[in-house]
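J.: For the sequence shown, the numbering used here begins at 7 and goes up steadily by one.
Just so you know, even glycine gets a beta-carbon here, dropped at the ideal spot from N, CA and C.
Sharing a structure below in structure tokens format, with a few things to ask.
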Amino acid sequence: MDLAFLNNLRKISDEDDRLVTITLLIDITSNLISDRNNHRYHTLPICYIREMFQKYTGAMQCLHTIGFKQINDDYVFDQSVSDKQLQEIVKLLENELDPKPIDKCEEVKCNSLDLGISDNDRSSNSLISFDNFHVSSHFDKLIPFVSILKRVQSYEDINLQHYIRSKIIPLEDFNRRISKKMKSTDINKRDLLLLELLRWFKEEFFTWFDRANCDYCKKPMDFAEYIQPTREEREYGDAHRVELYRCSTCSSEYRFPRFNAPIKLLETRSGRCGEAANLFACLCRSLSFLTRYIYDPSDHVWTEVYSESEQRWLHCDSCENLCDSPLVYEKGWKKELTFCIAFAKDHIGDVTWRYVTNFRQIIQRRNINEKNFARTIHQINRKIQSQLNQEEKIKIISNQIKDIVSMLNEEKSAKESELHGRQSGSLGWKLSRGETDQQDDVINGYVYSITNEECEKGSIQIEYNSVADKYLRNGIEEIKKDGWIDRVYSCSNIQRKIEKDWKMVYLCREHLHTNGILSWTIQLKPEEEKFYQFHHISIQCPSKAFDQYTQIICQLQIDDKQIIDLSQNLSSNSLFEYSLDNKLDSLTNIRLTFKVTLNCSNDNNDNNAWQKGQLFRQSTDQVSNADQSHHLRIHATIRKRN
Ligand SMILES: [Zn+2]
């Protein structure tokens, strides 16, 4: 039996299409098994084949294997295929309905930009073996060399890397962003890819876990104790312990296993710096970056990535979206560092010097036999590298020499970013410079057209809730398509931001834009404007500027003519009130537009300036509608012309 169809069915990239196609093939085959002599099941019309199967080689091959042959205009079942074979085909097809196993994933191709991602240069069978790998020194209490080396080796799994590239990292999206950025910066493509990965990881992918929240009582639980992981958590997730949280009110419990296995972390996507650095290092490897996992026994871990263009290792902290700011821990966090040990797939190293201003002083503080420590590291490296070929060894040594040279030459003055934990001064900061804004409003064109009912009632109320990302009209929820943008008249450079780690949501400018606008319009219908007009408008527009450079301007435009700066009419708590002049005889006061502008007069080289002006900010836990003080609310009264 020719099973080539299986592989080709796996290549159907649209998962829904793949499942539908396989289900149809199973149905066709099952029908034949259940009632082999029923002629109804023997002929598949060509139009059906064209519609459902012809676009997929695998589907056509499968039909042939089932026993269908093209005769004139139809596909006809050839009785020679046995029931047993048909049953086997059904079984094979049914297996394919399970979620796509890792090794069957298709690689995403980024045609427009070559991001320099290639398969791992070492096949998985040449991985370093840790059988009989013992470090006989008293330093393994200080630094768990072997377990970290094993973890770092686990990133080298080619199937895992394929899976990450095809299913986890939105490479197409990265590709688009990087292409756009390359127009205004001379930063290398691979470095841009790294920065994009850091941004995405912190902003979209990973959720910081501090402690559990009680679902019933809606409040944080208390840490109770460490407990043992289940067998599954240990075997599949490489968890060594589980944090148990308990609610002080209702006593309900929450288990948080501290997973170490990247494959499990790809599923949970949450934790603290340990999980973040582990996962981030793994993601970097899947994008072919030379990567080191940096272990600081005092309590923090992070990542280093080798930049080919800069010819040096870059510090990357995925919890902070920080790149190239190695002094942040000492200068910004005031940490007393003693050891920063780098773990790569093929070497380890003491890189503490990169993270401190005065290495000599640190040596005194370490209180170990430095010679013995250096010897231990050397011995481990020899063991790891004994399994490598000459070329690989030379590459490692040459990178080590460059590292030593940069250690000797590096200027040890802290950058702005390192003092404040911000990105300015680093590669990420450079990236944001030279980008220009597009000021054009994008007309979305939605207009609230006042209904006859609203005219008679004498009012309309519009509300927007940023958590639900939904509008309400007169208290009734409106059908949601794309969320906030559904009902705006115009907008530019605005995004809805969810801070997964802080669990907050708001509208703000898009990254790297210094100007953003949003507007909503209400209008009387032509047949009503002779009889009615707007009379009074009150607007609740909760907003917050987080620095002195951010301006939030609220304006009201009447009949597309007069523009009123509402800040004059601010009553209290972001509530604007405005009574319209009523010229009852002329055709005025029939169209109102409320416009908000988020401006930044000086981004102060701050890569996060975009989020310094926020609208409708509230906690994502705010699920009930009880507290509406964070909503946008536009309430207009309508009155009859005499
Ligand atoms: Zn509770």
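Give the C-beta separation of K503 and V494 to the nearest angstrom, bearing in mind that I take them to be a contact with Cβ-Cβ under 8 Å.
T.: As a position in the sequence shown, residue 503 is number 497, starting the count at 1. As a position in the sequence shown, residue 494 is number 488, starting the count at 1. 16 Å between Cβ atoms; not a contact.
J.: Looking at Y222 and ligand 1, is the gap between the Cβ and the nearest heavy atom below 7 Å?
T.: Looking up residue 222 in the sequence shown gives position 216. Y222 Cβ: within cutoff of ligand 1.
J.: For W5, list the residues DSSP reports as bridge partners.
T.: What is shown of the chain runs 7 to 648, which leaves residue 5 out entirely.
J.: Taking DSSP as the reference, what is the three-state secondary structure of D23?
T.: Residue mapping note: residue 23 aligns to position 17 of the sequence shown, counting from 1. The answer is helix: DSSP assigns D23 an H, G or I state.
J.: Based on Cα-Cα distance, which residue from R261, T556, Q393 and L99 lies nearest to W616?
T.: Sequence index remark: in the sequence shown, residue 616 carries index 610 (1-based). Comparing Cα positions, the closest option is T556.
J.: With a threshold of 7 Å on Cβ separation, who are the neighbours of T643 within its own chain once the five nearest residues in sequence on each side are excluded?
T.: Start at 1 with the first residue of the sequence shown, and residue 643 comes out as number 637. Once the five neighbours on either side are set aside, the close Cβ partners of T643 are G464, S465, H541 and H542.
J.: Would the beta-carbon of S258 be found less than 7 Å away from any heavy atom of ligand 1?
T.: The sequence position of residue 258 within the sequence shown is 252, counting from 1. Answer for S258: yes, Cβ within range of ligand 1.
J.: Let me check understanding here. Comparing Cα to Cα, which of S257, L638 and S525 lies closest to G481?
T.: Translated into the one-based positions of the sequence shown, residue 481 becomes position 475. Checked all of S257, L638 and S525; the closest Cα to G481 is L638.
J.: Where does the unbroken alpha helix (DSSP H) through W206 begin, and where does it stop?
T.: Translated into positions along the sequence shown, residue 206 becomes position 200. Taken as a continuous stretch (DSSP letters only), the alpha helix (DSSP H) holding W206 covers K195 to W206.
J.: Taking the C-alpha atoms as reference points, what is the distance between D587 and D197?
T.: Taking the sequence shown and counting its residues from 1, one reaches residue 587 at position 581. Taking the sequence shown and counting its residues from 1, one reaches residue 197 at position 191. If you take the alpha carbons of D587 and D197, they lie about 58 Å apart.
J.: Could you check whether the Cβ of C253 sits closer than 7 Å to any heavy atom belonging to ligand 1?
T.: By one-based count along the sequence shown, residue 253 stands at place 247. C253 Cβ: within cutoff of ligand 1.
J.: Quick check on the burial criterion: 16 or more other C-beta atoms within 10 angstroms. Buried or exposed for D41?
T.: Within the sequence shown, the letter at position 35 stands for residue 41. Result: exposed.
J.: When burial is assigned at 16 or more other CB atoms within 10 Å of the CB, is A380 buried or exposed?
T.: Position 374 of the sequence shown, counting from 1, holds the residue named residue 380. With fewer than 16 other Cβ atoms within 10 Å, it is exposed.
J.: Residues in its own chain within less than 6 Å of F212 by CB, not counting five upstream and five downstream?
T.: Along the sequence shown, read from residue 1 onward, the residue named residue 212 stands at position 206. Once the five neighbours on either side are set aside, the close Cβ partners of F212 are R275 and A282.
J.: Say whether the stretch 365-372 touches the stretch 311-320, bearing in mind that this needs 3 or more beta-carbon pairs closer than 8 Å, one atom from each stretch.
T.: These segments do not touch.
J.: In this structure, how does DSSP classify E535 when only helix, strand and coil are distinguished?
T.: As a first step, residue 535 is located in the sequence shown; it is residue number 529 there, counting from the start. E535: coil per DSSP, three-state reduction.
J.: Evaluate D330 with the Cβ neighbour count: other Cβ atoms within 10 Å of its Cβ, from every protein chain shown; 16 or more gives buried, anything less gives exposed.
T.: Looking up residue 330 in the sequence shown gives position 324. Burial call: buried.
J.: Using CA coordinates, which residue listed in R291, L199, C547 and C223 is at the minimum distance from D163?
T.: Here residue 163 refers to the residue found at position 157 when the sequence shown is read from its first residue. Out of R291, L199, C547 and C223, R291 has the C-alpha closest to the C-alpha of D163.
J.: Would you identify the three-state DSSP class for W359, choosing helix, strand or coil?
T.: Position 353 of the sequence shown holds residue 359. Of the three classes helix, strand and coil, the one that applies to W359 here is helix, per DSSP.
J.: From the DSSP output, in three-state form, read off N499 for me.
T.: The residue given as residue 499 occupies position 493 in the sequence shown. N499: coil per DSSP, three-state reduction.
J.: If you measure between the beta carbons of Q624 and S455, is that distance less than 8 Å?
T.: Residue numbering aside, residue 624 sits at position 618 when the sequence shown is read from its first letter. Residue numbering aside, residue 455 sits at position 449 when the sequence shown is read from its first letter. Cβ atoms of Q624 and S455: not closer than 8 Å.
J.: Measuring CA to CA, which of W308, Q501 and R205 is closest to N327?
T.: Walking along the sequence shown from the start, residue 327 turns up at place 321. If we check each option's Cα against that of N327, R205 comes out closest.
J.: Counting C-beta neighbours from all protein chains within 10 Å, is the total for C288 16 or more, i.e. buried, or is it exposed?
T.: Within the sequence shown, residue 288 is the residue found at index 282, counting from 1. That one is buried.
J.: What did DSSP end up calling Q393 once you bin it into helix, strand or coil?
T.: Numbered from its first residue, the sequence shown carries residue 393 at position 387. Residue state, collapsed to three classes: coil.
J.: By alpha-carbon positions, which one of C560, S607 and N605 ends up nearest to Y584?
T.: Translated into the one-based positions of the sequence shown, residue 584 becomes position 578. Ranking C560, S607 and N605 by Cα distance to Y584 puts C560 first.
J.: Between the C-alpha atoms of G73 and R46, what's the straight-line distance to the nearest angstrom?
T.: As a working note, residue 73 is residue 67 in the sequence shown. As a working note, residue 46 is residue 40 in the sequence shown. Spanning the two alpha carbons is a distance of roughly 15 Å.
J.: Mark A10 as exposed unless 16 or more other C-beta atoms lie within 10 angstroms of its C-beta, in which case mark it buried.
T.: Numbered from its first residue, the sequence shown carries residue 10 at position 4. Exposed, since its Cβ has fewer than 16 Cβ neighbours within 10 Å.
J.: Does E273 pass the burial test, meaning 16 or more other C-beta atoms within 10 Å, or should it be called exposed?
T.: What you label residue 273 is simply residue 267 of the sequence shown in a count that begins at 1. Per the 10 Å Cβ criterion, exposed.
J.: Between T27 and Y54, what straight-line distance do the alpha-carbon atoms span, to the nearest angstrom?
T.: In the sequence shown, residue 27 corresponds to position 21, counting from 1. In the sequence shown, residue 54 corresponds to position 48, counting from 1. About 12 Å.
J.: Could you tell me whether the stretch 154-163 touches the stretch 345-355, where touching means 3 or more Cβ pairs closer than 8 Å?
T.: With the cut-off at 8 Å, the stretch 154-163 and the stretch 345-355 touch.
J.: Would Y301 be called buried (16 or more neighbouring beta carbons within 10 Å of its own) or exposed?
T.: For the purposes of this step, residue 301 is taken as the residue at position 295 of the sequence shown. Y301 should be labelled buried.
J.: In or out: I229 buried (at least 16 other Cβ within 10 Å) or exposed?
T.: Taking the sequence shown and counting its residues from 1, one reaches residue 229 at position 223. Strictly speaking, residue 229 in this sequence is Phe, with Ile absent from that position. That one is exposed.
J.: Assign D612 to buried or exposed, taking buried as 16 or more other Cβ atoms, counted over all protein chains shown, within 10 Å of its Cβ.
T.: Counted from its first residue, the sequence shown places residue 612 at position 606. Looking at its Cβ environment, which holds 16 or more other Cβ atoms inside 10 Å, D612 is buried.
J.: Rounded to the nearest angstrom, how far is the Cβ of L69 from that of Y81, given a contact under 8 Å?
T.: Position 63 of the sequence shown, counted from the first residue, corresponds to residue 69. Position 75 of the sequence shown, counted from the first residue, corresponds to residue 81. Sure, about 6 Å apart at Cβ, within 8 Å.
J.: Helix, strand or coil for K225 per DSSP?
T.: For the purposes of this step, residue 225 is taken as residue 219 along the sequence shown, with counting starting at 1. Correct three-state label for K225: strand.
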